[in-house]
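Report on the structure given below.
In the numbering used here, the protein residues as written are 2 to 302.
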């Protein structure tokens, strides 16, 4: 397990779901929100297949110690490269995408399966590098919201909503780190692909995505507001609103799929979907900066 990045407690939540947790250790970790949703889960919900977090590294030794104490991880390391040869798979639980390639490369090139926290990268060259690893089942990257149980009923009945659809995602904080949650959740409902992206004038980041089947997706990343993760699905026959709040379940499902990738070597997510979502993130930034419609065909990877 590799972490941390500012404001991102995923190393603690992911490790606790896999290993179980020390009540005292997690309570004293500084991640009260994670402790509060973990402590109410039944013991049967912990553990993912035969995974076990055995090694941990963060940029700060004190944080590494807190992580190991919280999730009963036996082997803290001083340099993440010390894990090479000692682990069977790696989770990079950092959402500061600029460091993802640097950390992941030595492991991917040794055929170590890697999970990378969202967003994977916003660099065309880096995504070209990552693409074959996504395709051969060595690399997985997504937001847990792709597996949100609050969206199960929609996934099972999306054709009953009618067409074309209008789907709206509303989230706090930034487009790059939190808009991607909405993109992942919404893309898990659809078979179509993005065609173009435009920026909607607003005091926050508001992005309109036109899909190949005529579906329109509007995502609002509202910045510093109270917590909101909401997806509205609107068709001519059905309308529903979904507040996403069960982090534990979505993370557990996501980690289960990573374990399956390790076991089978089969990509758990169509690689084109992961790359399409990164294109949309990049296109949203370009559309806002240049005040124009950005087409997916502009991206060559």
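Every residue gets a Cβ at the ideal spot worked out from N, C-alpha and C, and that includes glycine.
All of these numbers come straight from a predicted model, not from anything done at the bench.
Original post:
In or out: residue 156 buried (at least 16 other Cβ within 10 Å) or exposed?
Top reply: Position 155 of the chain shown, counted from the start, is the residue given in the question as residue 156. With fewer than 16 Cβ atoms within 10 Å of its Cβ, residue 156 is classed as exposed.
Subject >> Coil, strand or helix - residue 98 by DSSP >> reply: Sequence index remark: in the chain shown, residue 98 carries index 97 (1-based). In the structure shown, residue 98 sits in a helix (DSSP, three-state: H, G or I).
Original post:
Nearest-angstrom Cα distance between residue 94 and residue 107?
Top reply: Within the chain shown, the letter at position 93 stands for residue 94. Within the chain shown, the letter at position 106 stands for residue 107. So the two alpha carbons sit approximately 16 angstroms from each other.
Original post:
Under 7 angstroms, do residue 74 and residue 57 count as touching if we go by C-beta distance?
Top reply: Here residue 74 refers to the residue found at position 73 when the chain shown is read from its first residue. Here residue 57 refers to the residue found at position 56 when the chain shown is read from its first residue. Taking 7 angstroms as the Cβ cut-off, residue 74 and residue 57 qualify as a contacting pair.
**OP:** With DSSP as the reference, please indicate the residues paired to residue 118 in a beta bridge.
**Re:** Position 117 of the chain shown holds residue 118. The partner list for residue 118 (beta bridge, DSSP) reads 143.
Original post:
According to the neighbour-count rule (16 or more other Cβ atoms, all chains shown, within 10 Å of its Cβ), is residue 46 buried or exposed?
Top reply: Here the question's residue 46 lines up with position 45 in the chain shown. Looking at its Cβ environment, which holds fewer than 16 other Cβ atoms inside 10 Å, residue 46 is exposed.
Subject >> Three-state secondary structure assigned by DSSP to residue 60 >> reply: Translated into the one-based positions of the chain shown, residue 60 becomes position 59. Correct three-state label for residue 60: coil.
Original post:
Expressed to the nearest angstrom, what Euclidean distance is found between the alpha-carbon atoms of residue 272 and residue 101?
Top reply: What you label residue 272 is simply residue 271 of the chain shown in a count that begins at 1. What you label residue 101 is simply residue 100 of the chain shown in a count that begins at 1. Approximately 17 angstroms, taken between the alpha carbons.
Subject >> DSSP-derived helix/strand/coil call for residue 110 >> reply: Mapped onto the chain shown, residue 110 falls at position 109. It is coil, neither helix nor strand.
**OP:** Look at the alpha carbon of residue 21 and the alpha carbon of residue 59, and state the distance between them as a whole number of angstroms.
**Re:** Taking the first residue of the chain shown as 1, we reach residue 21 at position 20. Taking the first residue of the chain shown as 1, we reach residue 59 at position 58. One C-alpha to the other measures close to 20 angstroms.
Subject >> Residues of its chain near residue 148, where Cβ-Cβ distance is below 6 angstroms and the 5 sequence neighbours each way are ignored >> reply: For the purposes of this step, residue 148 is identified with residue 147 of the chain shown, where counting begins at 1. Only 251, 254 and 255 meet the Cβ criterion.
Original post:
Under a Cβ-count criterion, where at least 16 other Cβ atoms within 10 Å of its own Cβ denotes burial, should residue 225 be classed as buried or exposed?
Top reply: By one-based count along the chain shown, residue 225 stands at place 224. Exposed: under 16 other Cβ atoms inside 10 Å.
**OP:** Grab me the residues of residue 134's own chain with a C-beta within less than 8 angstroms of its C-beta, minus the 5 sequence neighbours each way, in chain order.
**Re:** Position 133 of the chain shown, counted from the start, is the residue given in the question as residue 134. Closer than 8 angstroms at Cβ, skipping near neighbours: 109, 115 and 140.
**OP:** Provide the residue span of the alpha helix (DSSP H) that contains residue 11, from first to last.
**Re:** By 1-based counting over the chain shown, the position of residue 11 is 10. Per DSSP, residue 11 belongs to the alpha helix (DSSP H) from 11-20.
**OP:** Could you tell me the distance, in whole angstroms, from the CA atom of residue 231 to the CA atom of residue 242?
**Re:** The sequence position of residue 231 within the chain shown is 230, counting from 1. The sequence position of residue 242 within the chain shown is 241, counting from 1. In a straight line, the C-alpha of residue 231 is about 7 angstroms away from that of residue 242.
Original post:
Under three-state DSSP, which class holds residue 251?
Top reply: In the chain shown, counting from the first residue as 1, residue 251 sits at position 250. Looking at residue 251 - three-state DSSP - the assignment turns out to be helix.
**OP:** Report all residues from its chain with a CB closer than 7 angstroms to the CB of residue 237; omit the five preceding and five following residues, and keep chain order.
**Re:** The residue you call residue 237 lines up with position 236 of the chain shown. The residues are 163.
**OP:** Would you check if the distance between the CB atom of residue 186 and the CB atom of residue 268 is smaller than 7 angstroms?
**Re:** As a first step, residue 186 is located in the chain shown; it is residue number 185 there, counting from the start. As a first step, residue 268 is located in the chain shown; it is residue number 267 there, counting from the start. No, the pair does not count as a contact, with Cβ atoms beyond the cut-off.
Original post:
Shorter than 7 angstroms from the beta carbon of residue 258 to some beta carbon of chain C?
Top reply: The structure shown contains no chain C, having only a single protein chain.
Original post:
Are the beta-carbon atoms belonging to residue 6 and residue 96 less than 7 angstroms from one another?
Top reply: In the chain shown, counting from the first residue as 1, residue 6 sits at position 5. In the chain shown, counting from the first residue as 1, residue 96 sits at position 95. The Cβ atoms of residue 6 and residue 96 sit closer than 7 angstroms to each other.
Original post:
Are there 16 or more other CB atoms within 10 angstroms of the CB of residue 213, so buried, or fewer, so exposed?
Top reply: As a working mapping, residue 213 is identified with position 212 in the chain shown. Residue environment for residue 213: exposed (fewer than 16 other C-beta atoms within 10 angstroms of its C-beta).
**OP:** Give a yes or no on contact between the region 195-205 and the region 119-134, applying the rule of three or more CB pairs nearer than 8 angstroms.
**Re:** Too few Cβ pairs lie closer than 8 angstroms, so no.
Subject >> residue 27, DSSP secondary structure in three states >> reply: Translated into positions along the chain shown, residue 27 becomes position 26. Here residue 27 sits in helix by DSSP.
**OP:** Please name the residue or residues paired with residue 231 in a DSSP beta bridge.
**Re:** The residue you call residue 231 lines up with position 230 of the chain shown. BP columns for residue 231 point to 171 and 244.
**OP:** Have a look at the DSSP bridge pairing and note the partners of residue 209.
**Re:** Counted from its first residue, the chain shown places residue 209 at position 208. DSSP output for residue 209 lists 199 and 219 as bridge partner(s).
**OP:** Would you check if the distance between the CB atom of residue 171 and the CB atom of residue 229 is smaller than 7 angstroms?
**Re:** Walking along the chain shown from the start, residue 171 turns up at place 170. Walking along the chain shown from the start, residue 229 turns up at place 228. In this structure, residue 171 sits near residue 229, with a CB-CB distance shorter than 7 angstroms.
Original post:
If you draw a straight line from the C-alpha of residue 2 to the C-alpha of residue 136, how long is it?
Top reply: Here residue 2 is taken as the residue at index 1 of the chain shown, counted from 1. Here residue 136 is taken as the residue at index 135 of the chain shown, counted from 1. Approximately 23 angstroms, taken between the alpha carbons.
**OP:** Less than 8 angstroms between the CB atoms is what I'm expecting for residue 1 and residue 197, so what's the real figure, rounded?
**Re:** In the structure as shown, the chain starts at 2 and stops at 302, and residue 1 therefore has no counterpart that could be examined.
Original post:
Residue range of the beta strand (DSSP E) that residue 93 falls in?
Top reply: Locating residue 93 in the chain shown gives position 92, where the first residue counts as 1. Start and end: 91-93.
Original post:
Terminal residues of the continuous alpha helix (DSSP H) containing residue 274?
Top reply: Along the chain shown, read from residue 1 onward, the residue named residue 274 stands at position 273. Its alpha helix (DSSP H) spans residues 272-291.
Subject >> Beta-carbon contacts of residue 50 that lie in its chain and below 6 angstroms, excluding the five residues immediately before and after >> reply: Taking the first residue of the chain shown as 1, we reach residue 50 at position 49. Closer than 6 angstroms at the Cβ level, and outside the excluded window around residue 50, lie 260.
**OP:** Rank 182, 190 and 68 by C-alpha distance to the C-alpha of residue 222 and give the top, closest one.
**Re:** As a working note, residue 222 is residue 221 in the chain shown. Residue nearest to residue 222 within the set 182, 190 and 68 is 182 (criterion: CA-CA distance).
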